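Quick notes on the structure that follows.
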Amino acid sequence: GAVVSQHPSWVICKSGTSVKIECRSLDFQATTMFWYRQFPKQSLMLMATSNEGSKATYEQGVEKDKFLINHASLTLSTLTVTSAHPEDSSFYICSGKPGAGRNTEAFFGQGTRLTVV
Amino acid sequence: GQQLNQSPQSMFIQEGEDVSMNCTSSSIFNTWLWYKQDPGEGPVLLIALYKAGELTSNGRLTAQFGITRKDSFLNISASIPSDVGIYFCAGRGHGGSNYKLTFGKGTLLTVNP
C-alpha cells in the first residue's frame, strides 16, 4: 500500500519551545491530510483536516494558534506545536488521502511521540 | 457528536482460538473501517465496509456492516501470536473519505502461544 512517513518518530523538547512534525506521502499525492492525537491507552482524536493550499479545519476544542498546520504541497503537511507544555505530550499521527476515489481511504503515518519536559 | 462504543475493551485468548469484537453507534454511519495498531505505530487498515449488510473477508479476518448501519463486528479466526495489538473500529457519518472518521476506544488483544 501507499506510504506515509512522519518525522521525527520521537522528540523531547523543553516547556515553552516549539516543535515541528512533518508528514510526507512518499508515493502518492495527498490532497487531504488529517492530524490526530492519541493519549496513552486512548483512541485517536482528530485534531484537524487540511486540504492542500487551504487553511486547516480544526475540531472543536483544538487551538489553531497553538497547533499550526501547513499543507503547502501535495506531499507534505506539517504540524507545529507552539509554546509546548507537558500536557501537550502525546502521540501525534497524521494520515494522507490520495486524491481520487470516493472510497479511497487515508493511509496513516507511523506517528510521532512528543514529550515535553 | 457521534460516539462509538467498542467492546470488549480487552481480550486474552489462546493461540488458535477465534475472536470477535464489535462496535455500536448511537447514529447511522455510511462507512465502517477496522484498523490494527501495534505499539508505537500508526493504525493499519484491515477491512473497509461501505454498504449496509456487507460482509467482507481479508484472510482470517471477517467484518460485517450491520444492516441498521449502527453497528459492525470483526472476527479473527484461528488466532496467532502476531495478531496481538489494539484493534479499532472507525465510522464515517456522511460523505466520501475526505470527511472525518470517528474512532472507537479500541480492543486490546493478547494471544498466548
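Chains as they are written, first to last, in the working numbering: chain A, 665 to 781; chain B, 911 to 1023.
Built from N, CA and C at the ideal position, the CB exists for glycine as well.
None of these values were measured; they are calculated from a predicted model.
Residue i: which of the options sits nearest, CA to CA?
i, options, result
"B/I990", "B/T966, B/S967, B/P1023", "B/P1023"
"A/S759", "A/S753, A/E751, A/F772", "A/F772"
"A/D752", "A/S669, A/N734, A/M711", "A/M711"
"A/G717", "A/L738, A/E727, A/D729, A/Q706", "A/L738"
"A/A666", "A/Q702, A/V781, A/A770, A/A748", "A/A770"
"B/D981", "B/T1020, B/N968, B/G1014", "B/G1014"
"B/D948", "B/A988, B/D993, B/T1012", "B/D993"
"B/I938", "B/S920, B/L914, B/P953, B/R970", "B/L914"
Could you tell me the boundaries of the beta strand (DSSP E) in which residue i lies?
i, result
"B/A1000", "995 to 1002"
"A/E686", "683 to 689"
"A/S707", "It is not in any beta strand (DSSP E) - A/S707 carries neither H nor E in the DSSP assignment."
"A/G760", "754 to 762"
"B/N915", "914 to 917"
"B/N968", "965 to 968"
"B/K1010", "That residue, B/K1010, is in no beta strand (DSSP E); it is neither H nor E in DSSP."
If you check the beta carbons only, do residue i and residue j fall under 9 Å apart?
i, j, result
"A/T779", "A/W674", "yes"
"B/A962", "B/G976", "yes"
"A/L740", "A/C687", "yes"
"B/I957", "B/T972", "yes"
"B/I996", "B/T1017", "yes"
"B/N940", "B/Y960", "yes"
"A/S754", "A/Q702", "yes"
"A/Q774", "B/G952", "yes"
"B/L1019", "B/V929", "yes"
Starting from the beta carbon of residue i, find every residue of chain A whose beta carbon is closer than 7 Å, and list them in chain order.
i, result
"B/L955", "E769"
"B/L943", "E769"
"B/G952", "I757, F772, G773, Q774, G775"
"B/G1014", "S707"
Within 9 Å of any Cβ in chain E, is that where the Cβ of residue i sits?
i, result
"B/L984", "No chain E appears in the structure shown, which is made up of the protein chains A and B."
Below 7 Å on C-beta distance, what does residue i contact in chain B?
i, result
"A/L690", "The contacting residues do not exist; A/L690 stays about 14 Å from chain B at best."
In chain A, which residues lie less than 8 Å from residue i when you measure between Cβ atoms?
i, result
"B/K946", "By Cβ distance, chain A contributes nothing, its closest Cβ being about 11 Å from B/K946, past 8 Å."
Using a cut-off of 9 Å between C-beta atoms, extract the partners of residue i located in chain A.
i, result
"B/F998", "S707, L708"
Three or more C-beta pairs closer than 8 Å, one from the segment 919 to 926 of chain B and one from the segment 693 to 712 of chain A: is that the case here?
no
Does the segment 677 to 685 of chain A come close enough to the segment 740 to 753 of chain A that 3 or more CB-CB pairs lie under 8 Å?
yes
Counting Cβ pairs closer than 8 Å, one from the segment 997 to 1004 of chain B and one from the segment 933 to 940 of chain B, do we hit at least three?
yes
Check whether the segment 938 to 949 of chain B and the segment 712 to 727 of chain A are in contact - that is, three or more C-beta pairs closer than 8 Å.
no
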